[in-house]
Each structure stands twice: as C-alpha cells, then as structure tokens.
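Structure record follows, encoded as structure tokens.
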Amino acid sequence: MLYFCLTAVSVGASCYTLVAISLERYFAILHPLTSRRWQTLSHARKMILVIWLTTLLVMSPIAAFQQLLTLKNGKKACREIWPSGMSEISLDKAYSVLLVLLLLLVPLLLMSIFYGIVAKKLWVDIGKPSNYESSRKVQNGACTKLRGRSSSQVGERNILVVRQVNFAKELINRKRVIRMLFVVVVQYFICWSPVYVVNTWKTIDYPSLHDLMSTTTWSLILLLAYTSSFVHPITYCFMNKSFRRAFVRLFCCSPEEVKIIYRSKPSTSGTYVQEKY
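Numbering (this note's numbering), first residue to last: -19 to 257.
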C-alpha cells in the first residue's frame, strides 16, 4: 500500500528540488553577496530534508486512504477509498486538484519566474557596453606605441588580449546557461503535464477516460514522466561544465578533503565551485 505513496513522495521531492535549484541560482546571480552567507553545504542538506518531509506530509493521504479491494475478476488491487458521506467526491477531487497545483502549476510557475529573471539578467549583461570593447580600444591605441617600447608594454598588451578572450568565453557561457534554463523548464512541462492532465480527467470523469484511453497509452504517459528522472541530469551534464566537474569529484575516490568555497565573482553556471584543499 505504501508503493503509491512513496512514488508520489519521490515525484514531489524531485519536483521541489528543481524549484530549490532555480531559487538558488536566482539568488546567486542576482544577489551574489547576500547568497554567499547562507548557501552552504549544511543549508543545502537542511533544504533537502525539509523538501522530503514536507512532500511526505502532503502525500500521506494517499497511504492513509489506500485499501486492498477484490476486483470483479477475482484479482486484488489497492484503491483510494476516501471517507464516505456527502463529501466523498468533493474530497477526492479537491485533493487531485491540489496535487496538480502543487506538483505541476506552482513549480512550473516558480521555475519560469526564477529562470526568466536570471535569463533576462544574463541577456541584459550581454548587451551592455563591456570591458571587451574598452579593452579592444585600449589595445588598438596601444598598438601604435608598442614599437621600440619596453617588454613591460608588450606584457600589458598580452593582458588585454587575455581579457578579450576571457570575455568572449564569458559570453558563450552565459548564452549556454540561458539555453539550459529554458530546456529544463520545457522538459519538466513536457514530462509531467500529461500525467496530471490524465489524473484530473480520471477524478472528474473516470468512465469516459476508461473508454477513450487504452492501457498502452497510459503506460507510455507514465514512461514519459519517469524519463524526467534521468533527462534532467543529462541536461545538466552536457550543458553545464561545473556540474560535470562536481559529478566527477562526487564519485572520485580521493583521500583529500573536499570543501565548498565561493567564488569572489558569481558564476553564470552556478553559485559555487568545489575545490580540494
């Protein structure tokens, strides 16, 4: 009987973990100085614990109202049997609508808002007059004076060239982050929308759903939802270099202690990097 409840708990926890990641990136990029005070490893562990406990509390009615029934064909199956009385149908529908709001609409709205603001911030910064242009102007002006000058001036020119290259890389990284944020939101919507639409349909008008939807179609919808378990990590892995480095370090057997330190300048692909001391 706990199977359905634990499945829902894992779905809800995964969902709000994505929301927590979007919130963390929002503060890291728009409020880097403030976020450095509380974005620590212990805080991340507390957030994960709160997410799982809250999700377990919200999904507890699924386990509380599960009963083992004997079907017409003689087989046994677990079904949700809500309290009898005039409120039976309304409670079932209300809870289904609540799950749609909490697990689909609210997370989708929050991630869209946070990632939208972050993408706008990164895109606006790309369009601003940058150090790249000023560095190029200084470099062009310095080229006429480099002949016959000391080696220190040549070194200054090399520094300007390095800054120019670094800024070009920063532009590429920011555009990659914007694409990744957009892909994450779209993936979540595509993977989970069909499940919640069908569940709502099932609560409101089960006979029509039973007549129009085959078992194969429902299995494919569930398969699409379950793909989110590995689609998001793949997206982060291929589109985020910091995620790849952290993933390798997580599974790398090393006797050295790994600590989390913050960059003095916020990164466009995350809020912190992991370095070994």
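Note that CB positions come from ideal geometry on N, CA and C, so glycine has one too.
All values derive from a computational prediction rather than experimental measurement.
Backbone secondary structure at residue i - three-state DSSP
i, result
"Thr155", "The question names Thr, but residue 155 in the sequence shown is Lys. Here Lys155 sits in helix by DSSP."
"Cys(-5)", "helix"
"Leu192", "helix"
"Leu49", "strand"
"Cys58", "strand"
"Cys217", "helix"
"Cys232", "coil"
"Asp72", "helix"
"Thr20", "coil"
"Pro187", "helix"
"Lys256", "In this prediction, Lys256 has a pLDDT of 41, which is less than 50 and means its spatial position is unreliable; what the coordinates show is noted afterwards. Lys256: strand per DSSP, three-state reduction."
Inter-residue Cα distance where the pair is residue i and residue j
i, j, result
"Leu204", "Leu85", "18 angstroms"
"Trp32", "Leu202", "22 angstroms"
"Ala226", "Ile1", "15 angstroms"
"Tyr176", "Lys55", "27 angstroms"
"Leu258", "Leu78", "In the structure as shown, the chain starts at -19 and stops at 257, and residue 258 therefore has no counterpart that could be examined."
"Pro213", "Pro187", "38 angstroms"
"Cys189", "Pro41", "Here residue 189 is Leu; the residue named in the question, Cys, does not match the sequence. Leu189 and Pro41: Cα-Cα distance of roughly 24 angstroms."
"Cys(-15)", "Cys58", "11 angstroms"
"Lys182", "Gln19", "41 angstroms"
"Leu3", "Leu21", "16 angstroms"
"Ser(-6)", "Thr35", "10 angstroms"
"Lys300", "Asp105", "The structure shown does not extend to residue 300, since the chain is modelled only from -19 through 257, so no value can be given for it."
"Leu83", "Thr180", "13 angstroms"
"Asn53", "Gln167", "39 angstroms"
"Asn28", "Leu37", "Correcting the residue type first, residue 28 is Ile in the shown sequence and not Asn. Distance between the alpha carbons of Ile28 and Leu37: 14 angstroms."
"Thr195", "Ser76", "21 angstroms"
"Met193", "Lys26", "42 angstroms"
"Phe169", "Leu90", "12 angstroms"
"Val178", "Val30", "29 angstroms"
"Cys232", "Thr197", "41 angstroms"
Spatial neighbours of residue i in its chain, beta-carbon cut-off 8 angstroms, leaving aside the 5 residues before and after
i, result
"Leu71", "Trp62 and Pro63"
"Arg159", "Met219"
"Thr(-13)", "none"
"Pro258", "For residue 258 there is no data in the structure shown, the boundaries of the chain being -19 and 257."
"Val340", "The structure shown does not extend to residue 340, since the chain spans only -19 to 257, so no value can be given for it."
Contacts around residue i, its chain only, beta-carbon distance under 7 angstroms, and the 5 residues preceding and following it disregarded
i, result
"Phe45", "Glu60, Ile61 and Trp62"
"Phe223", "Tyr216 and Cys217"
"Trp103", "Ile158"
"Leu51", "Ala57"
"Asp191", "none"
Distance CB(residue i)-CB(residue j) smaller than 8 angstroms
i, j, result
"Val(-1)", "Pro87", "yes"
"Cys171", "Ser208", "yes"
"Ser184", "Lys73", "The question names Ser, but residue 184 in the sequence shown is Ile. Yes, the pair counts as a contact, with Cβ atoms nearer than the cut-off."
"Ile9", "Lys101", "yes"
"Val165", "Ser92", "yes"
"Leu161", "Tyr216", "no"
"Ala43", "Leu(-18)", "yes"
"Met39", "Val(-11)", "yes"
"Phe7", "Thr14", "yes"
"Val98", "Arg5", "yes"
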